[in-house]
Amino acid sequence: MAGITLSNVRKTYAGGVAAVKGVSIDIEDGEFIVLVGPSGCGKSTLLRMVAGLEAITEGEISIGDRVVNKIEPADRDIAMVFQNYALYPHMTVYNNLAYGLKNRGIKKEEIDRRVREAARILEIADYLDRKPRALSGGQRQRVAMGRAIVREPKAFLFDEPLSNLDAKLRVQMRIEIKKLQKALGTTSLYVTHDQLEAMTLADRLVVLNGGQVEQIGTPIDVYENPASTFVASFIGSPAMNLMEIERDNAQWHLSRGDGLSLKSELEERSAILGLRPEDLHIVEDETQLEDPLVLSLIVSAVEPVGAESYVHATLGEQGQEVIVRAPGKQHFEVGSVLKVAAKREKLHFFSSETGKALTSTGKLQPA
Amino acid sequence: MKREHITDHLILILGAVFMIAPVIVAFMTSTHDAVSVYRNGLQMTWGGHFSDTYSAVLTEAGGFTKEVTGFTMLKNSMILGLGFAIGKIIISMLAAYAIVYFRFPLASFCFWVIFATLLLPLEVRILPSYEIVQGLGMMNSYSGLIVPLIASATGTFYFRQFFKSVPDELVEAARIDGAGPIKFFIDILVPLSKTMIAAIFIIMFVYGWNQYLWPTLITTDETFFTLVRGMRQILQVWIGAQIPETNQAMALAVLAMLPPVIVVIVFQSWFVKGLVESEK
Amino acid sequence: MKRVQFADPLMPYMLLLPQLLIVGIFFIWPAAEAVRSSFYLEDPFGFGSTFVGFDNFTDALTSSDYASTARFTLVFTALTTFFSLSIALLLAVKADSVIRGASTYRTLLMWVYAIAPPVAGLIGVMLFDQHIGPLKEFAGLLGWDMQIGVNYFDTAFCMIVIAVWKQVPINFIFFLSGLQSVPKSIQEAAAIDCRSGARRFWTVTFPLLAPTGFFLLIINITYALFETFGIIDLVLKGEPGNNPITLVYKVFLDGFRGNDLGGSSAQSVILMLLVFVLTIVQFRLIERRVHYN
Ligand SMILES: Nc1ncnc2c1ncn2[C@@H]1O[C@H](COP(=O)(O)OP(=O)(O)O)[C@@H](O)[C@H]1O
Ligand SMILES: [Mg+2]
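Protein chains in written order, with our numbering: chain A, 25 to 391; chain B, 80 to 359; chain C, 862 to 1154.
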């Protein structure tokens, strides 16, 4: 077992595409790190550099205390689970698991012990003699996991391993992967574009955007204190409401149109205000409120999802959309006026130039 | 949605008759004796001399030529068909493997050199090819028959296409599993290509068996004649004869088509798949 | 090619060596030799050769012999291609539409692919034979006194019939697989949009088959130009006389019978250019095919 250190890692592809632009992450032994970000942001590239499948253009990667930049994938002591599983189609499940061990010259009895143990843990013992073609998607996924486990590697690398499964199975496997990782205690680096998967799995999240780290932190920390508008809108569903605001003396208003009343000691002339849908509560009588923020909205659509409803409403002249999370039982009339308020500690402010988070006193938060 | 129309069937039956009738006539004629064919023309019915004709063409030298029996020609055809198919598969698989799975400076140059062979069918370089093979002393030999034919690009293209369609992740997984280039080729790529190999084998066997121009040029010694190459000699002997042995000529034609036809019919689905897929 | 490639310094060359060696010796070298000797006049008695520039080309291109051969080749190619494609398309469409016996029809219509052109030629020659040929007899009943090997037109007719017969199966295979790969949903949508089966064919199915058709067009042209050598050789029984021959056959005749090395080479080079153009077109089409799919 070992930690993984990436220091200032860069990747420029032969065509000149800069896929990873200076990433540093310290992964502790046994930690479950999830790399999350939109498609094309360089997650796979980063992971594949750790695996040794992609040359490192610049920077250094170490696994344990060993710099692995020049080391072959097979000698890095890692195991990888691919999105399409990459099972050897002509080999039985047993041989799929055993192949890597055979190549390392491990004794037959030991191979057999490890394969059967992994098969038992993953509940695929009944399929050991089948070819991958005769397995369901979920079973193939388990075999791919099994192939990683039998290696008893220093680290697991996962590249969107659940993307090819249907929604229900994905949730189930997500939990199993988490349990398994905790039981084995193996350092894991997991790539996904699904923020929910990222939140539920990670000890710490690494949010990537355009080949750069936007934020590193525990899921709750990232959720509650997003370091930038990018993170704010990427993590959480429905996404955080963002609106451009300007200051006139002590009074803040929307850059375009009205419908907002806000008191804040922020010093900037302009900023971006972020509000999570669940932090907005519906108020009947605004004059009584302690809350510093009140929005006056017009309901445009309602999405009831059972326990709660997402109310889509418009604000201001530009008709900017705001989503409010309301209790499921409440009824809303399309076209009616809706007043919502939020507490001070629930307001997020971002610099209108850089998109980075501001504290309420106007300083940039230390990232 | 599909509905049966009687005219559809009629057209198909007509088409099938168009395709089959000539071969039926050839076969039926081969079961008659030479004299009755000479008198009555080609035959559409069973003539009862099947074993006479076929044992004559297979075992008797001099039925048509002076030195070679049908059996020897059959053997030569088999050697050409198998040698060509096997040689081509091995050579082109290795080359395609190098082109698809290796990073090396001259990769695209090598690819273009092989590609260039598509521009140079035998027919446009007949005379110099003949002279070169003659100069190398490869006239009237199996190697002279087979080797120059197996280098064309088709097989390499088939395998290149196929290798490109193999998911990238497989070689990545194999590398993490500690397989080097040779291990990957033998343990994973070859087994994965089994169907492809079978399909190409069938196509190439038929192609090799049916070669005509090249064998015509470089085999002058009758003991190296293949059945297909022999067609021309058969016809010449037939023309020159007083009572031409049409039955035997037809028997040799039937023998010349039998193995490739059987292979194509028996392995129809592989063959069609190989043919159609590989052209993409 | 692959995202991850092996980076062994020697192995790729070793893997490529056998093929490159054969390509070099049996393809590049003779082709270069053909190009070289197309600029020389070989002494018929073997006393060296003289450089004559483009003389061989102008001689070939201006001779009436060459012109008539080229004209016949064009007609032969056009007719063979047209008939083998249309017959195959008709049969493929029908084979795709019937339910009963579909696989039997498919087998019956494709197996002739396996027959070598000269074997087809031999059987064809017999069928059209002056004394024993049933087809000659049949033509006689219609008042057509067929004289294969004597009459230019009759000989050409015979060659084309055999060439078409031999080529229908491969076209059939490609058309049928093209038809079968038209997604069922498109056929169903067409059935809802359009009542007339014929109209449906020409407005929906035919355009979807067009890429296959273009591709086959090239294949067929190449076939008619080059691969019919065996058929022609058998129909002519090795005695061309005044009978029609194709350009490829003429290269062979001039080189091996006429001992006109320079002229034969010049003709080879002209054919090389033709193949070059055809190959370029073919690759363009293959690219297009990929996009269509
Ligand atoms: N082999 C490659 N060659 C060139 N560019 C590549 C290659 N692989 C990925 N890229 C580019 O690098 C960027 C990051 O890709 P990737 O790491 O696959 O993103 P992600 O996994 O986050 O979706 C993308 O812009 C992609 O187009
Ligand atoms: Mg990816």
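Backbone N, C-alpha and C fix where the C-beta goes; we use that ideal spot for every residue, glycine too.
Keep in mind that this is a model prediction, so the values were computed, not measured.
Handout entry: Where the beta strand (DSSP E) containing E268 (chain A) begins and where it ends
Key = For E268 (chain A), the uninterrupted beta strand (DSSP E) segment begins and ends at 265–272.
Exercise for the section: Look at the alpha carbon of R175 (chain A) and the alpha carbon of Y118 (chain A), and state the distance between them as a whole number of angstroms. Expected result: If you take the alpha carbons of R175 (chain A) and Y118 (chain A), they lie about 13 Å apart.
Problem - chain A within 8 Å of D256 (chain B), Cβ atoms only - result: Using a CB distance cut-off of 8 Å, D256 (chain B) counts as an interface residue toward chain A.
Handout entry: Limits of the unbroken alpha helix (DSSP H) element including Y901 (chain C)
Key = Counting along the chain, Y901 (chain C) sits inside no alpha helix (DSSP H); it lies in the beta strand (DSSP E) bounded by residues 901–903.
Practice task
Pick out whichever of B:L173, B:V102, B:L89, B:L159 has its Cα sitting closest to the Cα of L877 (chain C).
Solution key: The shortest C-alpha separation from L877 (chain C) is found at B:L173.
Exercise for the section: Return yes when the C-beta of S187 (chain A) is under 7 Å from any heavy atom of ligand 2, and no when it is not. Expected result: S187 (chain A): no, Cβ never under 7 Å from ligand 2.
Handout entry: 9 Å Cβ cut-off: residues of chain C touching I205 (chain B)
Key = For I205 (chain B), the chain C residues whose Cβ falls inside 9 Å of its Cβ are P891, A895, V1109, V1112, F1113, G1116, F1117, S1125, S1129, in order along the chain.
Handout entry: As assigned by DSSP and simplified to three states, the class of D247 (chain B)
Key = DSSP places D247 (chain B) in helix when its eight states are reduced to three.
Practice task
With DSSP as the reference, label K178 (chain A) as helix, strand or coil.
Solution key: In the structure shown, K178 (chain A) sits in coil (DSSP, three-state: anything other than H, G, I, E or B).
Handout entry: Beta-carbon proximity check, N326 (chain B) vs H111 (chain B), cutoff 8 Å
Key = Yes. Within cutoff.
Handout entry: Residue-level contact to chain B via CB, E903 (chain C), 8 Å cutoff
Key = Not closer than 8 Å to any Cβ of chain B, the Cβ of E903 (chain C) fails to qualify, so no.
Exercise for the section: Return yes when the Cβ of S109 (chain B) is within less than 8 Å of the Cβ of A320 (chain B), no when it is not. Expected result: The answer is no: Cβ separation not under 8 Å.
Practice task
Reducing DSSP to helix, strand and coil, say where T151 (chain B) ends up.
Solution key: Helix at T151 (chain B).
Exercise for the section: Confirm the yes/no value for this check: CB of T81 (chain A), any heavy atom of ligand 1, distance under 7 Å. Expected result: Residue side-chain check: T81 (chain A) keeps its Cβ at 7 Å or more from all non-hydrogen atoms of ligand 1.
Exercise for the section: Pull up the distance between the alpha-carbon of D309 (chain A) and that of K363 (chain A), whole angstroms please. Expected result: Our two residues, D309 (chain A) and K363 (chain A), have alpha carbons roughly 9 Å apart in a direct line.
Exercise for the section: Kindly list, in the order they appear in chain B, the residues whose Cβ is closer than 8 Å to that of F999 (chain C). Expected result: Simply none; closest approach about 11 Å.
Exercise for the section: Step through the CB atoms of chain C and report whether any lies within less than 8 Å of the CB of E251 (chain B). Expected result: Judged by the 8 Å Cβ criterion, E251 (chain B) is in contact with chain C.
Exercise for the section: Could you tell me whether the region 70–88 of chain A touches the region 156–167 of chain A, where touching means 3 or more Cβ pairs closer than 8 Å? Expected result: No, the region 70–88 of chain A does not touch the region 156–167 of chain A.
Problem - I889 (chain C), DSSP secondary structure in three states - result: Three-state result, I889 (chain C): helix.
Problem - chain B contact residues for Y927 (chain C), given Cβ-Cβ distances below 9 Å - result: Below the 9 Å Cβ cutoff, chain B contributes no neighbours of Y927 (chain C), its closest Cβ being approximately 16 Å away.
Handout entry: Residues near T36 (chain A) by beta carbon distance below 6 Å, same chain, minus five either side
Key = Cβ within range, chain order: A42, T81.
Practice task
Give a yes or no on whether 8 Å exceeds the smallest Cβ distance from E356 (chain B) to chain A.
Solution key: No - not a single Cβ of chain A is within 8 Å of the one on E356 (chain B).
Problem - Proximity test, G66 (chain A) beta-carbon vs ligand 1 heavy atom, cut-off 7 Å - result: Answer for G66 (chain A): yes, Cβ within range of ligand 1.
Exercise for the section: Classify H992 (chain C) as buried or exposed, calling it buried when 16 or more other Cβ atoms lie within 10 Å of its own Cβ. Expected result: Answer is exposed; the Cβ neighbour count stays below 16.
Practice task
Let me know if K68 (chain A) comes out buried or exposed under the rule of 16 or more other beta-carbons within 10 Å of its beta-carbon.
Solution key: A quick correction: the sequence has Ser, not Lys, at residue 68 (chain A). With 16 or more other Cβ atoms from the protein chains shown falling within 10 Å of its own Cβ, S68 (chain A) counts as buried.
Practice task
Look at the alpha carbon of R171 (chain A) and the alpha carbon of V345 (chain B), and state the distance between them as a whole number of angstroms.
Solution key: As the crow flies, the alpha-carbon of R171 (chain A) is around 39 Å from that of V345 (chain B).
Problem - With 16 other Cβ atoms within 10 Å as the buried cut-off, status of M123 (chain B) - result: By the 10 Å Cβ count, M123 (chain B) comes out exposed.
Handout entry: Residues in the region 934–949 of chain C having any Cβ partner in chain B nearer than 8 Å
Key = Flagged, chain order: I948.
Handout entry: Residue from A:N265, A:M264, A:D282 with nearest C-alpha to R271 (chain A)
Key = The alpha carbon of R271 (chain A) has as its nearest neighbour, out of A:N265, A:M264, A:D282, the alpha carbon of A:D282.
Practice task
Quick one: which unbroken beta strand (DSSP E) runs of 3-plus residues sit fully inside the region 35–109 of chain A? Chain order, please.
Solution key: Correct list: 42–51, 56–60, 82–87, 102–105.
Practice task
Could you confirm whether any beta carbon from chain B is found closer than 8 Å to the beta carbon of M862 (chain C)?
Solution key: Judged by the 8 Å Cβ criterion, M862 (chain C) is in contact with chain B.
Exercise for the section: For the beta strand (DSSP E) containing N1012 (chain C), list its first residue and its last residue. Expected result: Where N1012 (chain C) is concerned, there is no enclosing beta strand (DSSP E), because DSSP gives it neither an H nor an E.
Handout entry: Range covered by the beta strand (DSSP E) that runs through N249 (chain A)
Key = Going by DSSP, N249 (chain A) is part of no beta strand (DSSP E) at all; its letter is neither H nor E.
Practice task
List in chain order: all unbroken alpha helix (DSSP H) runs of 4+ residues lying wholly within the region 1084–1147 of chain C.
Solution key: Complete alpha helix (DSSP H) runs here, min 4: 1090–1096, 1108–1113.
Practice task
Go to P383 (chain B), then tell me how far its alpha helix (DSSP H) extends in each direction, as first and last residue.
Solution key: For chain B, the structure presents residues 80 to 359; residue 383 (chain B) sits outside this window and is missing.
Handout entry: Identity of the residue in B:I170, B:S130, B:H88, B:A140 nearest F238 (chain B) by Cα
Key = Nearest C-alpha to F238 (chain B) among B:I170, B:S130, B:H88, B:A140: B:I170.
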